[in-house]
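Everything below concerns the one structure shown next.
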């Protein structure tokens, strides 16, 4: 069967087909209309560009759709989103793109929305040389205001999960891992899943609320580790004007995670991890760790310069300047 | 002085510089936070892609910034936006882009926001081969619900202004106008302004509210003519399930607009006009036209098939199928 290219479908028909992935009640109009029900909103915009963030070889359109949504929602969760309302999609495609590719992209998008809530509300599409997807996501601001600048000295720093896996998954997909013999099948599967189907933790916010038995302030220092664990800690330290002290011996790792410099660097600087990195007063932290097994203590904040201090780390870790950059 | 390229500035410094164009109170965090004050929202996303929507040769970065904002706001206004709240910007640039270009883009963006309200709330930037700007704009839903599907038979169809100018401006910029001798200096200036610095009408909504002396329903049929006058009328007719009857003799034209087929086609199908096209019950329409001189009657809706009927038109207008398409 000949492949159906979008240039042969035409813009009108393309939009008609895409609109099938929107809820029937969402009538196509000039704008999306959003009922706020007296909630304040969190809004996040992220772009994913072919050859910068992905290639067709290493990410299927279905995984790309999933990932474009959840990486965006990760920022909503890291600000204390209670309910995901929806997304607008700006889509740029070469005219020679197959309709099948677009279809799978939207299926991946809707799989992610089915998991986390919300629906496609609107957007725009255009032709262009590089496949590009720009999503703006909307959610309600919940009771806890999670912000980068609310960390305080003496608070316990926690993570909702492991780091380095996504980077390893990316390297495996690119066949760029030198010490392949070190990768167990279990680690390979976990890494490729972390890269292709990242799964941000939206449940921990509810556990944070439940575990606040002392009725501490709802203003909590938090960010996500989309640009890597080290960058997340550095952003918190900078915005909150204190020192993050991270204990190597406390970092939770995948059971099969190998030892060595390269692996520590993947862990710290790999990026695209989408875990929440946050701090809480000690009693609250202990209570949360007790009721939510995904949450692990990795260090604490102390008064001092805006920086990250690594303790118990093996020597030879390269300079922290080697952080994730899209330019 | 050597030109400063963004690849030499680095991502962090680029974001720091861009953040200077945001209000000081808008602290950089994972998300933008939007207080809704119990208003429902209108949200619109538009993409502009180099070589599809613009080239560096025909649109300066300052004009591009202005245009990227106002074309987006035009959709908010055409849905009944009362107050523009802000925008999120997804920006994609080649690493060889000069900082000066980015600076002028943001100056143009802020000029448009100064004119219409709102501010830059957040966004994302990334490298990529084609300069691309994807804006999501947010505004409050005002009292009048303007939607494509609220037009009714016997209502008067109106426009807030002239058509065809933007297309002519584009053709002039591309040196693609064959009958140059027909273009007066006044028409050239108006056309180039319409193309480079379009100016959607945000005031007419207030006049609509003022002129509703019979207390008619607040549900009004409306769209903007971003894809051309004909397409706007066709969208209203389709969404509202009635026939738009347009009288050639009533169409308001620029004083120096030449006669002839080509010019009629620019007028109907040119696109990027950003006027509001809407319909009102006759008494309301007469009252509005009396108090707002920018508003002109161009026809009426009648019961019948979803289509546009052109009356008093010169023969030889090409088929309406020749509408604006980005693919």
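Protein chains in written order, with our numbering: chain A, 16 to 342; chain B, 16 to 342. Quick reminder that beta carbons are idealized off the backbone N, C-alpha and C, glycines included.
Can you pull the chain A neighbours of residue i, defined as C-beta to C-beta under 8 Å?
{"i": "residue 144(B)", "result": "66, 144 and 145"}
{"i": "residue 294(B)", "result": "Residues of chain A passing the Cβ test: none, with the nearest at roughly 15 Å."}
{"i": "residue 181(B)", "result": "Those within 8 Å of residue 181(B) in chain A number zero; the least Cβ separation is about 17 Å."}
With H, G and I counted as helix, E and B as strand and the rest as coil, what does DSSP make of residue i?
{"i": "residue 113(A)", "result": "strand"}
{"i": "residue 103(A)", "result": "strand"}
{"i": "residue 222(A)", "result": "helix"}
{"i": "residue 96(B)", "result": "strand"}
{"i": "residue 341(A)", "result": "A caution first: residue 341(A) carries a pLDDT of 47, below 50, which makes its placement in the model unreliable, though a value can still be read off. DSSP places residue 341(A) in coil when its eight states are reduced to three."}
{"i": "residue 195(B)", "result": "helix"}
{"i": "residue 108(A)", "result": "strand"}
{"i": "residue 60(B)", "result": "strand"}
{"i": "residue 250(A)", "result": "helix"}
{"i": "residue 326(B)", "result": "strand"}
{"i": "residue 161(B)", "result": "strand"}
{"i": "residue 77(B)", "result": "helix"}
{"i": "residue 166(B)", "result": "coil"}
{"i": "residue 70(B)", "result": "coil"}
{"i": "residue 262(A)", "result": "strand"}
{"i": "residue 175(B)", "result": "coil"}
{"i": "residue 228(A)", "result": "coil"}
{"i": "residue 239(B)", "result": "strand"}
{"i": "residue 317(A)", "result": "strand"}
What does residue i touch in chain A if you count any residue whose Cβ is under 9 Å from its own?
{"i": "residue 48(B)", "result": "55, 56, 57, 58, 94, 156, 160 and 162"}
{"i": "residue 103(B)", "result": "58, 59, 60 and 151"}
{"i": "residue 239(B)", "result": "45"}
{"i": "residue 232(B)", "result": "Under the 9 Å cutoff, chain A gives no residues; its nearest Cβ is about 17 Å from residue 232(B)."}
Quick one: Cα of residue i to Cα of residue j, how far?
{"i": "residue 134(B)", "j": "residue 206(B)", "result": "28 Å"}
{"i": "residue 328(B)", "j": "residue 282(B)", "result": "12 Å"}
{"i": "residue 213(A)", "j": "residue 169(B)", "result": "54 Å"}
{"i": "residue 180(A)", "j": "residue 115(B)", "result": "39 Å"}
{"i": "residue 65(A)", "j": "residue 280(A)", "result": "25 Å"}
{"i": "residue 343(B)", "j": "residue 111(B)", "result": "Outside the shown range of chain B (16 to 342) lies residue 343(B), about which nothing can therefore be said."}
{"i": "residue 185(A)", "j": "residue 95(A)", "result": "29 Å"}
{"i": "residue 130(B)", "j": "residue 174(B)", "result": "22 Å"}
{"i": "residue 61(A)", "j": "residue 187(A)", "result": "25 Å"}
{"i": "residue 341(A)", "j": "residue 277(B)", "result": "Low per-residue confidence applies at residue 341(A): pLDDT is 47, beneath 50, and the placement is therefore not dependable enough to give any value."}
{"i": "residue 338(B)", "j": "residue 22(A)", "result": "Only weak support is given to the placement of residue 338(B): the predicted model assigns it a pLDDT of 44, under 50, and the value that follows is read from those uncertain coordinates. Whole-angstrom Cα-Cα distance: 15 Å."}
{"i": "residue 262(B)", "j": "residue 300(B)", "result": "16 Å"}
{"i": "residue 269(B)", "j": "residue 204(B)", "result": "12 Å"}
{"i": "residue 34(A)", "j": "residue 255(B)", "result": "18 Å"}
{"i": "residue 36(B)", "j": "residue 211(B)", "result": "21 Å"}
{"i": "residue 122(B)", "j": "residue 76(B)", "result": "9 Å"}
Strictly below 8 Å CB to CB, what residues from chain B border residue i?
{"i": "residue 138(A)", "result": "60"}
{"i": "residue 217(A)", "result": "By Cβ distance, chain B contributes nothing, its closest Cβ being about 14 Å from residue 217(A), past 8 Å."}
{"i": "residue 51(A)", "result": "51, 53, 54, 55 and 56"}
Could you work out which residue in the options is closest to residue i when comparing CA atoms only?
{"i": "residue 311(A)", "options": "264(A), 48(A) and 148(A)", "result": "264(A)"}
{"i": "residue 325(B)", "options": "293(B), 305(B), 294(B) and 248(B)", "result": "248(B)"}
{"i": "residue 80(B)", "options": "322(B), 30(B), 183(B) and 146(B)", "result": "146(B)"}
{"i": "residue 167(B)", "options": "321(B), 320(B), 316(B) and 92(B)", "result": "316(B)"}
{"i": "residue 290(B)", "options": "241(B), 274(B), 252(B) and 277(B)", "result": "241(B)"}
{"i": "residue 245(B)", "options": "259(B), 233(B), 82(B) and 232(B)", "result": "259(B)"}
{"i": "residue 323(A)", "options": "121(A), 308(A), 257(A) and 304(A)", "result": "257(A)"}
{"i": "residue 153(B)", "options": "161(A), 148(A), 103(A) and 117(A)", "result": "103(A)"}
{"i": "residue 59(B)", "options": "149(A), 157(A) and 113(A)", "result": "149(A)"}
{"i": "residue 157(A)", "options": "100(A), 117(A), 309(A) and 127(A)", "result": "100(A)"}
{"i": "residue 236(A)", "options": "229(A), 87(A) and 250(A)", "result": "250(A)"}
{"i": "residue 198(B)", "options": "119(B), 122(B), 272(B) and 286(B)", "result": "272(B)"}
{"i": "residue 113(A)", "options": "51(A), 234(A) and 142(A)", "result": "142(A)"}
{"i": "residue 70(A)", "options": "222(A), 189(A), 288(A) and 57(A)", "result": "189(A)"}
{"i": "residue 46(A)", "options": "74(B), 40(B) and 88(B)", "result": "88(B)"}
{"i": "residue 275(B)", "options": "230(B), 56(B) and 194(B)", "result": "194(B)"}
{"i": "residue 209(B)", "options": "91(B), 318(B) and 178(B)", "result": "178(B)"}
{"i": "residue 85(A)", "options": "119(A), 54(A) and 151(A)", "result": "151(A)"}
{"i": "residue 219(B)", "options": "27(B), 306(B), 56(B) and 296(B)", "result": "306(B)"}
{"i": "residue 125(B)", "options": "83(B), 106(B), 90(B) and 144(B)", "result": "83(B)"}
{"i": "residue 231(B)", "options": "302(B), 286(B), 252(B) and 90(B)", "result": "302(B)"}
{"i": "residue 73(A)", "options": "92(A), 284(A), 182(A) and 294(A)", "result": "182(A)"}
Regarding residue i and the ligand SAH, is the C-beta to nearest heavy atom distance less than 8 Å?
{"i": "residue 19(A)", "result": "Absence of the ligand SAH is noted for the structure shown, with no ligands found whatsoever."}
Taking C-beta pairs closer than 7 Å, name the residues in chain B that residue i reaches, listed in chain order.
{"i": "residue 91(A)", "result": "46"}
By the criterion of Cβ-Cβ separation under 7 Å, what are the contact partners of residue i in chain D?
{"i": "residue 107(B)", "result": "Absent from the structure is chain D; the protein chains it does hold are A and B."}
Enumerated in chain order, which unbroken segments of the alpha helix (DSSP H) with a length of 4 residues or greater are wholly contained in the stretch 270 to 313 of chain B?
Taken in chain order, the unbroken stretches of alpha helix (DSSP H) that lie wholly in the stretch 270 to 313 of chain B and span 4 residues or more are 276 to 284 and 297 to 306.
In the stretch 133 to 159 of chain A, which residue ranges form an unbroken beta strand (DSSP E) of at least 3 residues, counting only runs that do not cross its ends?
Whole beta strand (DSSP E) segments, 3+ residues: 134 to 142 and 147 to 156.
Segments assigned beta strand (DSSP E), at least 3 residues, entirely inside the stretch 18 to 58 of chain B:
47 to 49, all fully within the stretch 18 to 58 of chain B.
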